[in-house]
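Asker: Before we start, here is the structure in question, set down as structure tokens.
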Amino acid sequence: MAVTRYAGIRFAWMLLLPVLVGGCAVAASSERVVAERTRVDVAPAPSSLSYAALSDVARRADARLASDEAAGTFELQAGSRKVVVMPGVAAALVGSRLVVLRDEVMARYGRAYVPRALVPEIEAFLKGKSVEALARGSGGSSERPSTQGVRPRHVGRVCIDPGHGGKDPGAVSRWGLQEKEAVLSTAVMLATELRGRGFEVVMTRDDDTFIELNDRPAIAARQRADLFVAVHANSIRDSSFQGIEIFYPETQEGGGVGVRRQSVELAEAMRQGFAGAGLTVRKLQARDLRVLKLAEMPAVLVEIGYLTNRDEERDLRSRAHRQRLARAMAGGIALFRDVGK
Ligand SMILES: [Zn+2]
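This is the structure we're talking about:
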């Protein structure tokens with residue numbers, strides 16, 4: 003029940019869900035990537051040190067707990083105040099405010115667990131303290147209504163950054179496909195798709211050239227791009243891994259908090275774009291990647307698939323699949339622009 007009835011909440015979820023880690027050779031050594039993957043994908047049972055059962059939070063805050071199986075969400079309600087969480091997502095809707103978390107909400111055996119860091123905020127909110135008042139450290143109680151009209155954002159120019167290039171092939175599959183080639187070809191298709199939707203496009207490279215990591219966000223800034231979209235392909239020892247992953251910056255030195263928040267929204271819009279093309283994003287998550295951290299505009303990095311998976315590698319060789327990926331990404335970027343803030 004719950005969520006679908008509340009247009010505002012549903013809208014916010016659509017736009018802004020975060021979660022999880024991954025990546026190719028953009029920043030980490032392959033050993034580190036493997037270690038992170040293992041940690042993420044064999045999800046630990048929630049430790050009571052770091053997680054609280056949502057049912058306990060509900061009891062303490064005197065709130066009603068409900069789950070919406072269709073939407074995959076859990077909701078706490080006290081009077082007109084609602085908190086909505088979705089397992090697998092590192093964010094919570096506290097009233098009209100999206101709180102981005104370091105760790106994702108978890109579900110085990112039908113019960114939801116939230117990171118302990120969030121609990122004081124949830125309880126205070128459900129008991130009637132406003133988020134603004136909490137932020138100020140006082141105990142006021144004026145809650146700001148959330149209804150905002152949909153206004154398209156100004157997104158004129160998109161900087162596409164195909165990973166690697168030149169002397170740096172990126173990941174290379176056992177069957178010989180190079181990341182630098184697959185992502186360049188997909189990125190060029192993305193540029194065409196975006197131009198068809200009225201965007202201007204600049205590219206950090208449009209041929210087989212090596213570009214330093216730091217130069218990539220610098221090119222975007224110099225070209226006064228409104229968005230930065232890096233395109234990579236993944237690899238990992240375990241050949242069963244496949245799927246698309248989207249990363250947004252953990253912190254964004256170049257842009258600050260407001261820009262970083264928009265990066266999260268862009269990531270979610272791109273997930274929607276993939277969904278619209280029938281493609282599932284297996285991971286959507288904050289990650290400490292230099293190209294994202296340094297970007298001065300909303301920035302995401304998309305891993306378009308695993309070169310280490312036989313089937314996906316085959317897909318990534320195909321023009322039709324690259325085209326589908328490009329169209330999906332362009333759709334997500336257009337959604338980010340058109341749905342607005
Ligand atoms: Zn890469």
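Residues 3 to 343 (this note's numbering) are what the sequence shown spells out, left to right. Note that beta-carbon positions come from the ideal geometry of N, C-alpha and C, so glycine has one too. Model, not experiment: these values are computed from the prediction.
(1) Measure how close the beta-carbons of Val304 and Ile246 come, nearest whole angstrom, since I'm counting them as under 8 Å.
(2) How about the segment 301-320 and the segment 224-231: do they share at least three Cβ pairs that are nearer than 8 Å?
(3) Using only the alpha-carbon positions, how far apart do Ala328 and Arg263 sit?
(4) By the three-class DSSP mapping on this structure, what secondary structure does Arg41 have?
(5) For Lys84, is the classification buried or exposed, using 16 other Cβ atoms within 10 angstroms of its Cβ as the cut-off for buried?
(6) Return helix, strand or coil for Ala328, following the three-state DSSP convention.
(7) By Cβ distance, which residues of its chain are closer than 6 Å to Arg159, with the 5 residues on each side in sequence left out?
(8) Can you tell me which of the three DSSP states Ile306 falls into?
(9) Starting from Leu56, follow the alpha helix (DSSP H) in both directions and report where the run begins and ends.
(10) Compute the distance between the beta-carbons of Ala167 and Thr194, then report whether it is under 8 Å.
(11) I'd like to check one pair, Asp208 with Val190: are the Cβ atoms closer than 8 Å?
(12) Could you check how far apart the C-beta atoms of Ala288 and Glu315 are, in whole angstroms? I think they sit under 8 Å.
(13) So for Gln225, helix, strand or coil by DSSP?
(14) Quick one: Cα of Ser144 to Cα of Gly130, how far?
(15) Spatial neighbours of Ala65 within its chain, please: CB distance less than 7 Å, with the 5 preceding and 5 following residues excluded, ordered by chain position.
(16) Look at Ala345 and Phe338 and say whether their C-beta atoms are less than 8 Å apart.
(17) How would you write the range of the alpha helix (DSSP H) that Ala189 sits in, first residue to last?
(18) Indicate, with yes or no, if ligand 1 has a heavy atom lying under 7 Å from the CB of Ala189.
(19) In terms of DSSP beta bridges, what is Thr75 paired with?
(20) Among Val59, Phe76 and Val283, which has the Cα closest to the Cα of Glu123?
(21) Quick check: what's the CA-CA separation for Arg321 versus Ser187?
Answerer: Looking at the coordinates:
(1) 7 Å
(2) yes
(3) 24 Å
(4) For Arg41, the predicted model reports a pLDDT of 35, less than 50, meaning its position is unreliable; a value from the coordinates is still stated below. Note: Arg41 maps to helix in three-state DSSP.
(5) buried
(6) helix
(7) Glu202, Ala227 and Asp228
(8) strand
(9) Leu56 to Ala63
(10) Just to set this straight, residue 167 is Gly in the shown sequence, not Ala. Not in contact: Gly167 and Thr194 (Cβ atoms no closer than 8 Å).
(11) yes
(12) About 27 Å separates the two Cβ atoms, so there is no contact after all.
(13) coil
(14) Any reading at Ser144 is ruled out, since the residue's pLDDT is 35, under 50, leaving its predicted position unreliable.
(15) Leu78, Gln79, Ala80 and Leu128
(16) The structure shown does not extend to residue 345, since the chain spans only 3 to 343, so no value can be given for it.
(17) Glu181 to Gly198
(18) no
(19) Asp70
(20) Val59
(21) 9 Å
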